[in-house]
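For reference, the structure discussed in these notes is given below.
There are 2 protein chains.
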Amino acid sequence: MNKNNNWLGQSYNFEKIQTCIKKINEVFGQQFSDSKSIREQHTHTMTIHKSELPDGVLFVETKDDIAKAVKICNEYGCPIIPFAVGSSFEGHLNAPFGGLSIDVNNMNQILEVHHEDLTVVVQPGVTREDLNTHLRDTGLFFPIDPGSNASLGGMTSTRASGTNAVRYGTMKDNVISIEAVMPNGEIIKTSNRAKKSSAGYDLTRLMIGSEGTLGIMTEITVKLHGIPEKIAGGRVSFPTVKEAADAVIMTIQSGIPVARIELLDKNQVKSCNNYSKLGLPEEPMLLVEFHGSESSVKEQSELFGEIALDNNGKDYIWTADNEERNKLWKARHDAYWANMSYRPGTEMYATDVCVPISKLSQCIVETIEDLENNNIVGPLAGHAGDGNFHVSVMIDINNKEEVSKLDPFLDRLSKRAIRMEGTCTGEHGIGQGKRKYMYKELGNTVDLMKDIKKAFDPNLIMNPGKLFL
Amino acid sequence: MNKNNNWLGQSYNFEKIQTCIKKINEVFGQQFSDSKSIREQHTHTMTIHKSELPDGVLFVETKDDIAKAVKICNEYGCPIIPFAVGSSFEGHLNAPFGGLSIDVNNMNQILEVHHEDLTVVVQPGVTREDLNTHLRDTGLFFPIDPGSNASLGGMTSTRASGTNAVRYGTMKDNVISIEAVMPNGEIIKTSNRAKKSSAGYDLTRLMIGSEGTLGIMTEITVKLHGIPEKIAGGRVSFPTVKEAADAVIMTIQSGIPVARIELLDKNQVKSCNNYSKLGLPEEPMLLVEFHGSESSVKEQSELFGEIALDNNGKDYIWTADNEERNKLWKARHDAYWANMSYRPGTEMYATDVCVPISKLSQCIVETIEDLENNNIVGPLAGHAGDGNFHVSVMIDINNKEEVSKLDPFLDRLSKRAIRMEGTCTGEHGIGQGKRKYMYKELGNTVDLMKDIKKAFDPNLIMNPGKLFL
Numbered sequence: 001m002n003k004n005n006n007w008l009g010q011s012y013n014f015e016k017i018q019t020c021i022k023k024i025n026e027v028f029g030q031q032f033s034d035s036k037s038i039r040e041q042h043t044h045t046m047t048i049h050k051s052e053l054p055d056g057v058l059f060v061e062t063k064d065d066i067a068k069a070v071k072i073c074n075e076y077g078c079p080i081i082p083f084a085v086g087s088s089f090e091g092h093l094n095a096p097f098g099g100l101s102i103d104v105n106n107m108n109q110i111l112e113v114h115h116e117d118l119t120v121v122v123q124p125g126v127t128r129e130d131l132n133t134h135l136r137d138t139g140l141f142f143p144i145d146p147g148s149n150a151s152l153g154g155m156t157s158t159r160a161s162g163t164n165a166v167r168y169g170t171m172k173d174n175v176i177s178i179e180a181v182m183p184n185g186e187i188i189k190t191s192n193r194a195k196k197s198s199a200g201y202d203l204t205r206l207m208i209g210s211e212g213t214l215g216i217m218t219e220i221t222v223k224l225h226g227i228p229e230k231i232a233g234g235r236v237s238f239p240t241v242k243e244a245a246d247a248v249i250m251t252i253q254s255g256i257p258v259a260r261i262e263l264l265d266k267n268q269v270k271s272c273n274n275y276s277k278l279g280l281p282e283e284p285m286l287l288v289e290f291h292g293s294e295s296s297v298k299e300q301s302e303l304f305g306e307i308a309l310d311n312n313g314k315d316y317i318w319t320a321d322n323e324e325r326n327k328l329w330k331a332r333h334d335a336y337w338a339n340m341s342y343r344p345g346t347e348m349y350a351t352d353v354c355v356p357i358s359k360l361s362q363c364i365v366e367t368i369e370d371l372e373n374n375n376i377v378g379p380l381a382g383h384a385g386d387g388n389f390h391v392s393v394m395i396d397i398n399n400k401e402e403v404s405k406l407d408p409f410l411d412r413l414s415k416r417a418i419r420m421e422g423t424c425t426g427e428h429g430i431g432q433g434k435r436k437y438m439y440k441e442l443g444n445t446v447d448l449m450k451d452i453k454k455a456f457d458p459n460l461i462m463n464p465g466k467l468f469l
Numbered sequence: 001m002n003k004n005n006n007w008l009g010q011s012y013n014f015e016k017i018q019t020c021i022k023k024i025n026e027v028f029g030q031q032f033s034d035s036k037s038i039r040e041q042h043t044h045t046m047t048i049h050k051s052e053l054p055d056g057v058l059f060v061e062t063k064d065d066i067a068k069a070v071k072i073c074n075e076y077g078c079p080i081i082p083f084a085v086g087s088s089f090e091g092h093l094n095a096p097f098g099g100l101s102i103d104v105n106n107m108n109q110i111l112e113v114h115h116e117d118l119t120v121v122v123q124p125g126v127t128r129e130d131l132n133t134h135l136r137d138t139g140l141f142f143p144i145d146p147g148s149n150a151s152l153g154g155m156t157s158t159r160a161s162g163t164n165a166v167r168y169g170t171m172k173d174n175v176i177s178i179e180a181v182m183p184n185g186e187i188i189k190t191s192n193r194a195k196k197s198s199a200g201y202d203l204t205r206l207m208i209g210s211e212g213t214l215g216i217m218t219e220i221t222v223k224l225h226g227i228p229e230k231i232a233g234g235r236v237s238f239p240t241v242k243e244a245a246d247a248v249i250m251t252i253q254s255g256i257p258v259a260r261i262e263l264l265d266k267n268q269v270k271s272c273n274n275y276s277k278l279g280l281p282e283e284p285m286l287l288v289e290f291h292g293s294e295s296s297v298k299e300q301s302e303l304f305g306e307i308a309l310d311n312n313g314k315d316y317i318w319t320a321d322n323e324e325r326n327k328l329w330k331a332r333h334d335a336y337w338a339n340m341s342y343r344p345g346t347e348m349y350a351t352d353v354c355v356p357i358s359k360l361s362q363c364i365v366e367t368i369e370d371l372e373n374n375n376i377v378g379p380l381a382g383h384a385g386d387g388n389f390h391v392s393v394m395i396d397i398n399n400k401e402e403v404s405k406l407d408p409f410l411d412r413l414s415k416r417a418i419r420m421e422g423t424c425t426g427e428h429g430i431g432q433g434k435r436k437y438m439y440k441e442l443g444n445t446v447d448l449m450k451d452i453k454k455a456f457d458p459n460l461i462m463n464p465g466k467l468f469l
């Protein structure tokens, strides 16, 4: 357990927390576990952030379970860490002050599909793949794709986005309403199910991206979209990353409704070549996808081809055949796994920033120079249409010199993005890893965020130690 | 001045308010006025809500003016009512407890156009027509069109939308960042200028739709869109309003990216015929608009035509010629003025609700029956693609029996929308007129909104008496 027990000016009483955990055990019996392996699994965050274990894990089945547990925890001032799939990168699931991890994986029901309204109501443990499997025969799909098979609860909590946000928006644009248990144990619903409303403060958007610090979601209503009649995909290489980034800017400006536009730097292509034996030219590359009618995807694909050519793109190929398209896109689909095995014996730290698209070229070029100058291995790939990119830094955690380079690099990257009127995180969230950039990026606005936190959660039980230092 | 001086459990001290107004006068000199006619102009709200005058009006020139005035008002507990164009319908600009109207019309600069990023930074007094005139030669435009030539500040404050929200979204989807003076006089910026961010709570969305109750906006960064290569428009009549509404539902479900889809009931068509001498068949009508390439608008127009025909639509005509299109759409463009002169001697109360689109037919049919059964004149028109519609009730305010019918009708309409999982207001906002429906629609979530209000504005100076009873 963390020696420092202070957050936002409040101390946590570890004795009372232990008493609370015993009480939870008494009340919930077999739904509760304090086995070390289970507690360890519930901090697994796919990062190199040090694990900080909760004192116990509660496997909830219903919103009433959650309400009951939250009321008990609030009484004892016991931290609660909401947990679903555990695919967070920034230490969101750690328990720096101990407390109770609330696992919502058993709340995985798809409650209502409203075909006519293009909406669906789900429980927070539903994963995006489960949802799309369920929707298979409806002609509808849920487009947000952050890469991993994340839960809708987690995706809502971090304001997730991913590859096709450039066309379909992020979770911010696709969540209509949230039901949640608030820190006092009350269940609220942030909004009705109409497509728009001007009735009061937008608590839906306030909950989206709040990283479990304001309440635990019990139901989420999200928008669905019609499966496009036709999908086309393409791939094109560029001599320099600047030319690739400039092609992205021109594509967005020209108003082509591109569904995905992903940029891979040459190291990312090399990593993918190694892993998937693709034999691609080891140069910066763009992968694109277009959704629409047969004539519309053809028009979009050809227009993009002209823009790529204007920016010295080479060997542009596109196809409207699904199997061929999957082959073209294989590099991107396998990028995560390729990076995981790119430097055997290392661990990956995946980070992301986002800048106005006019600054994308410059931000990527400076970042690659930074990596090269400091001899850091970090393939770069990104959702370039949104000005958002990732660096997957590969660190040998037994090599002290390498480890010592990580933080200063992340620091330069975040500050570079902020300097360019961007953000230290476009989609991964703040968690523990990026708390130190909040004031740098948002100034005294952070104080207002803390005011909201304290107004909603006076005992600071909800996911403490995240978002704010 | 209102006799009741209590709001959210707090009393306003009218003596201190008078002292504050004197102080403002001393500090700002000629920028201040307490003439009755000016004070009256600043509650003009295009509604039949009774005017409640502020004690004075301050014409601010800069954000520093605002910060200075807010600090003084906060010290004395003096209400502040932000004012721009005054096109609000729901009494947002009234001063039930007196205080200072802060007029931002002189803050009408377009500060930065970022062509590559498709964003623009404006002051709150810029109107949407001014903005689009300024952008004329850039190939870009700001799409949100609430009908009147509203200010960007006002549109942001009420989470405005309008005719083409069905394609381009509402203010919620088009504001990227807000700079505002908060109730303590501090200036904050809610976000950076990147297209997306996962850094902390979404204070941008919290400010949007907050109706001046959390702070006064000083700069607003909004998204721009490329002017479509081609615009097509169409018009079609239906035997019943249900068939028209069903055609809307099918259009949305089919994924046609319609830019506008407006429904007029037969009374609205009659009103437009009277005013603009159109000679249209006095039947329910849909007006549609499509944006895209030449081939795409043709495809969309034809697809829509098939859907209209399937729902017994008659005499569908469409055109990609701008002048012809404006003729087709004349009924909708003049609807407001047509209604204003539909029943000479009456005043118009414009109200709006929004429901999930699957409930649109039912909600409209029941509302027209309600109007007919109660012998109320109220043409109905709406942004049907969003499930949002308006009723323009025409009341002879000297006829007590007529006046007595208004509130019960509005009550039934709001409750009907809420019962159908919708909202009592899709775009006009709560203001004073719809406060009584907040708990009905949102339950205990309203208490959290009040907590935010009190945390941000402990002296309750910002636009008191609005949103909450």
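Residue numbers (my numbering), protein chains in the order written: chain A, 1 to 469; chain B, 1 to 469. Here a beta-carbon is modelled for each residue, glycine too, at the ideal position from N, C-alpha and C. Just so we're clear, the structure is a prediction, and the values are computed from it rather than from any experiment.
| task | Measure how close the beta-carbons of B/A384 and B/I307 come, nearest whole angstrom, since I'm counting them as under 8 Å. | result | Not a contact, Cβ separation roughly 13 Å.
| message | With H, G and I counted as helix, E and B as strand and the rest as coil, what does DSSP make of B/G56? | response | strand
| query | Quick check: the stretch 416 to 431 of chain A against the stretch 349 to 356 of chain A, are there 3 or more CB pairs under 8 Å? | reply | yes
| message | Distance check for A/I368 and A/F238, CA to CA, integer angstroms please. | response | 16 Å
| How about B/A331 and B/L278: do their beta carbons lie closer than 8 Å? | yes
| task | Look up A/N2 in the DSSP assignment and say whether it is helix, strand or coil. | result | Residue confidence is low: A/N2 scores 47 on pLDDT, short of 50, so the model does not pin down where it sits. Its coordinate-derived value is still stated next. A/N2: coil per DSSP, three-state reduction.
| said: I'd like to know whether the C-beta of A/N74 is nearer than 8 Å to at least one C-beta of chain B. | reply: no
| message | So within the stretch 191 to 249 of chain B, which uninterrupted beta strand (DSSP E) runs reach at least 3 residues, ignoring any that extend past its ends? | response | 216 to 223, 230 to 237
| message | If contact is defined by three or more beta carbon pairs under 8 Å, each pair taking one atom from either stretch, is the stretch 272 to 292 of chain B in contact with the stretch 300 to 317 of chain B? | response | yes
| Any residues in the stretch 123 to 156 of chain B with a beta carbon nearer than 7 Å to a beta carbon of chain A? Which ones, in chain order? | none
| task | My understanding is that B/C78 touches B/I17, with C-beta atoms under 8 Å, so please give their C-beta distance in whole angstroms. | result | 5 Å
| task | Within its chain, find whatever has a CB closer than 8 Å to the CB of A/E179; leave out the 5 residues flanking it on each side and keep chain order. | result | K63, I187, I188, K189, T190, M217, T218, E219, I220
| task | Could you pull out every residue in the same chain whose Cβ sits closer than 7 Å to the Cβ of B/G345, ignoring the five residues on either side in sequence? | result | D396
| Mind pulling the chain A residues with CB within less than 8 Å of B/K172? | K196, D202, R205
| Taking the C-alpha atoms as reference points, what is the distance between A/M1 and A/G56? | A caution first: A/M1 carries a pLDDT of 45, below 50, which makes its placement in the model unreliable, though a value can still be read off. In a straight line, the C-alpha of A/M1 is about 13 Å away from that of A/G56.
| Helix, strand or coil for A/P96 per DSSP? | coil
| Environment of B/Q109 [buried if 16+ CB atoms lie within 10 Å] | exposed
| message | If we define contact as Cβ-Cβ less than 8 Å, is B/M438 a contact residue for chain A? | response | yes
| field | Neighbour flag for A/H114 against chain B, beta carbons, 8 Å | value | yes
| field | CA nearest to the CA of A/T163, picked from A/Q253, A/I102, A/H333 | value | A/H333
| Cβ pair A/H114, A/V120 closer than 8 Å | yes
| said: Which residue wins for smallest C-alpha separation from B/G212, given the options B/S148, B/M462, B/L469? | reply: B/M462
| said: Threshold first: 4 residues or longer. Then list the alpha helix (DSSP H) segments lying entirely within the stretch 420 to 460 of chain B, N to C. | reply: 438 to 442, 445 to 456
| task | Report the residue from A/A455, A/I256, A/E347, A/K22 whose alpha carbon sits nearest the alpha carbon of A/M394. | result | A/E347
| Between which two residues does the alpha helix (DSSP H) containing B/C73 stretch? | 63 to 76
| message | In this structure, how does DSSP classify A/K189 when only helix, strand and coil are distinguished? | response | strand
| Counting along the chain, where does the alpha helix (DSSP H) carrying A/Y336 start and finish? | 335 to 340
| request: Quick one: residues in its chain with C-beta nearer than 8 Å to the C-beta of A/D482, no 5 flanking neighbours on either side, listed in chain order? | output: As displayed, chain A neither begins before 1 nor continues past 469, which places residue 482 of chain A out of reach and without an answer.
| message | With H, G and I counted as helix, E and B as strand and the rest as coil, what does DSSP make of B/G9? | response | coil
| message | Determine whether the beta carbon atoms of B/M107 and B/R128 lie at a separation below 8 Å. | response | no
| Contact set between B/V393 and chain A, taken where Cβ atoms lie within less than 9 Å | Near B/V393 there are no residues of chain A at all, since even the closest Cβ is about 19 Å away, more than 9 Å.
| Short-range partners of chain B found in the stretch 351 to 377 of chain A, where Cβ spacing is below 9 Å | D352, V353, C354, V355, P356, I357, S358, K359
| field | Of the residues B/H92, B/L100, B/L93, B/A84, the one placed nearest B/Y76, counting alpha carbons only | value | B/L100
| request: My understanding is that A/L8 touches A/F468, with C-beta atoms under 8 Å, so please give their C-beta distance in whole angstroms. | output: 6 Å
| Does the Cβ of B/P183 have 16 or more other Cβ atoms within 10 Å, making it buried, or fewer, making it exposed? | buried
| request: Compare the C-beta of A/H92 against all C-beta atoms of chain B and say whether one is closer than 8 Å. | output: no
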